[in-house]
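K.L.:
Protein chains in written order, with the numbering used here: chain A, 53 to 168; chain B, 3 to 360.
(1) In this structure, does DSSP put residue 112(A) in helix, strand or coil?
(2) Name the two residues that bound the continuous beta strand (DSSP E) containing residue 133(A).
(3) Would a check of beta-carbon distances place residue 11(B) closer than 9 Å to chain A?
(4) When we look at the beta-carbon of residue 153(A) and count the other beta-carbons within 10 Å, is it buried (16 or more) or exposed?
(5) How about residue 178(B) and residue 225(B): are their beta carbons less than 9 Å apart?
(6) Assuming residue 274(B) is part of the alpha helix (DSSP H), what are its boundary residues?
(7) Given residue 169(B), which residues of its chain have a CB within under 7 Å of its CB, disregarding the five upstream and five downstream residues?
(8) Alpha carbon to alpha carbon, how far is residue 97(A) from residue 110(A)? Give it in angstroms, no decimals.
(9) Counting Cβ pairs, one atom from each stretch, are 3 or more of them under 8 Å apart for the stretch 45 to 53 of chain B and the stretch 133 to 153 of chain A?
(10) Classify residue 1(B) as buried or exposed, calling it buried when 16 or more other Cβ atoms lie within 10 Å of its own Cβ.
(11) Counting only the same chain and skipping the five closest in sequence on each side, list residues whose C-beta sits under 8 Å from that of residue 198(B).
(12) Strictly below 9 Å CB to CB, what residues from chain A border residue 42(B)?
(13) Quick check on this structure: which residue in 349(B), 222(B) and 312(B) has the alpha carbon closest to the alpha carbon of residue 275(B)?
(14) To which residues of the same chain is residue 299(B) closer than 8 Å at the C-beta, ignoring the five residues directly before and after it?
(15) If the cut is a Cβ gap below 8 Å, which residues of chain B does residue 80(A) touch?
(16) Along the chain, where does the alpha helix (DSSP H) that runs through residue 75(A) open and close?
(17) Could you tell me the distance, in whole angstroms, from the CA atom of residue 116(B) to the CA atom of residue 313(B)?
(18) In chain B, which residues lie with their C-beta within 7 Å of the C-beta of residue 99(A)?
(19) DSSP three-state label for residue 10(B), please.
(20) With C-beta atoms as the reference, is residue 73(B) less than 9 Å away from residue 337(B)?
(21) Report buried or exposed for residue 41(B), applying the criterion of at least 16 other Cβ atoms within 10 angstroms of its Cβ.
(22) Going by DSSP in three states, residue 41(B) sits in which element: helix, strand or coil?
(23) Using the beta-carbon of each residue, which ones in chain B are nearer than 8 Å to residue 109(A)?
(24) Give me the residue from 354(B), 103(B), 123(B) and 125(B) with the minimum Cα distance to residue 135(B).
(25) How would you list, in chain order, the residues of chain B whose beta-carbon sits under 7 Å from the beta-carbon of residue 129(A)?
(26) Determine the direct distance from the alpha carbon of residue 32(B) to that of residue 51(B), and round the result to whole angstroms.
(27) Give me the chain B residues within the contact set of residue 105(A), using Cβ-Cβ distance strictly less than 7 Å, ordered along the chain.
(28) Please name the residue in 231(B), 213(B) and 235(B) whose C-alpha comes closest to that of residue 251(B).
(29) Any C-beta of chain A sitting closer than 9 Å to the C-beta of residue 17(B)?
(30) Does the Cβ-Cβ distance between residue 100(A) and residue 79(A) come in under 9 Å?
(31) Can you round the beta-carbon distance between residue 288(B) and residue 341(B) to whole angstroms, since I take them to be within the 8 Å contact cut?
(32) Find the residues of chain B that neighbour residue 96(A), judging by a C-beta separation of less than 8 Å, and give them in chain order.
(33) Grab me the residues of residue 89(A)'s own chain with a C-beta within less than 7 Å of its C-beta, minus the 5 sequence neighbours each way, in chain order.
(34) Helix, strand or coil: which one does DSSP assign to residue 185(B)?
(35) For chain A, find out if any of its Cβ atoms is closer than 9 Å to the Cβ of residue 49(B); answer yes or no.
Shown next, in the form of structure tokens:
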């Protein structure tokens, strides 16, 4: 099996948002979820689109246009879903993040996660 | 509910403006997203404008190949005299005189890549050349306006002699654009009839591209002959053999450049091997031709940068010339490699299809 592509931090956030949103993952909801995950940092909507294009080119997600909806002026939504390669890459990133968390906790104690 | 929805919709002129600026493939979804997030005209406009650079950069990344942009740059730089040595008494250096129209043309090519819709490679290459020509003329028009207003020196304009050389950039840009093939692989398991249709499309594409290449090369040869006869430049002894090779390429394209028709009554397996063979032959032909097309550019770089640098004892010019030669060779090799990879993928898809059918 080919090794998963390494993910940047923003790519991890976008992939996590798509995973969490499931069938409701499209531009607006993905952006809202990314902002919630990245808080207190904010994320530009355009950066989310550029990242979605990039991870789609890498084969980590796939997209399709839905039917037009009236609240969007009769325009379609571009929905996204994780592909197997995306799930694998996200899992590897999450495992790395967990190892980092464990190491930090070992050095600084469990209190590190409490807001100061 | 309906009046509520109507009240919350963005102003139509603003919406039309954003629609115009958003690259076509992203337009539908992004316009919908922006409308869904609409709170006020200012918020809508500011969010739309802030989103635009990301969309344009992402589209440019998806539609442009570094090798193709590199080759377009080399063609413009060479044909607009950017590398020409400065003449005594010249107040504005050659790199600046040629650099302005070259930069304008490159910007136009970038915008074309971002905003173009579905086009055949031949049409795409032709429109690339037209867009570059318009941008070059516009840049000169703007400079002429500044000169007549007394804001800048007349030397900022491209010298008249270079307009003729600049003409050669247009067929060369057409050649580059027309050679950018699309090699989408057909899904494994498609029926033989679909392969026939696919081959007929490929055959038509090859025919159109060959015609475009012959016209573009014909224009280059005719322009070069006119220039050589009129000015008899010092490089004429090198230029004539190059032109002879170009004429030979036109002859070869006319006689052997077409994709061979499908053998009558061929089944899936002979059809697949015929298709694969033709794909490989056309790819090999293009690979060789690209080195010939850019031959004059190599000669120009050697003459204007390396040899001139040696004669004038300018090590920096020699180093830039050597670097440019390597870069040009790298771009050609990369463009050929990208096309070969796409062709190999397509041949592999055809093989997979015959195995699935078996």
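Glycine residues also receive a C-beta, built at the ideal position from the N, C-alpha and C atoms.
P.N.:
Looking at the coordinates:
(1) coil
(2) 130 to 134
(3) yes
(4) exposed
(5) no
(6) 270 to 295
(7) Excluding five sequence positions before and after residue 169(B), the CB atoms of its chain that fall closer than 7 Å to its own CB belong to 225, given in chain order.
(8) Each residue's alpha carbon lies about 20 Å from the other.
(9) no
(10) Any answer about residue 1(B) is impossible in this case: the structure gives chain B only from 3 up to 360.
(11) 264 and 273
(12) Neighbours of residue 42(B) on chain A: none; closest Cβ ~16 Å, over 9 Å.
(13) 349(B)
(14) Closer than 8 Å at Cβ, skipping near neighbours: 76, 77, 80 and 330.
(15) 35, 38 and 39
(16) Looking at the DSSP string, residue 75(A) is not in any alpha helix (DSSP H), and its letter there is neither H nor E.
(17) Rounded to the nearest angstrom, the two C-alpha atoms are 43 Å apart.
(18) 56
(19) Three-state result, residue 10(B): coil.
(20) yes
(21) The residue in question, residue 41(B), is exposed, as its Cβ has fewer than 16 Cβ neighbours within 10 Å.
(22) In the three-state scheme derived from DSSP, where H, G and I count as helix and E and B as strand, residue 41(B) is classed as coil.
(23) 64
(24) If we check each option's Cα against that of residue 135(B), 103(B) comes out closest.
(25) 31 and 34
(26) 12 Å
(27) 60 and 64
(28) 213(B)
(29) yes
(30) yes
(31) 7 Å
(32) 52, 53 and 56
(33) Hits under 7 Å: 65, 68 and 69.
(34) In this prediction, residue 185(B) scores a pLDDT of 42, lower than 50, which makes its location untrustworthy; the coordinate-derived value is nonetheless stated afterwards. Reduced to three states, the DSSP call for residue 185(B) is coil.
(35) yes
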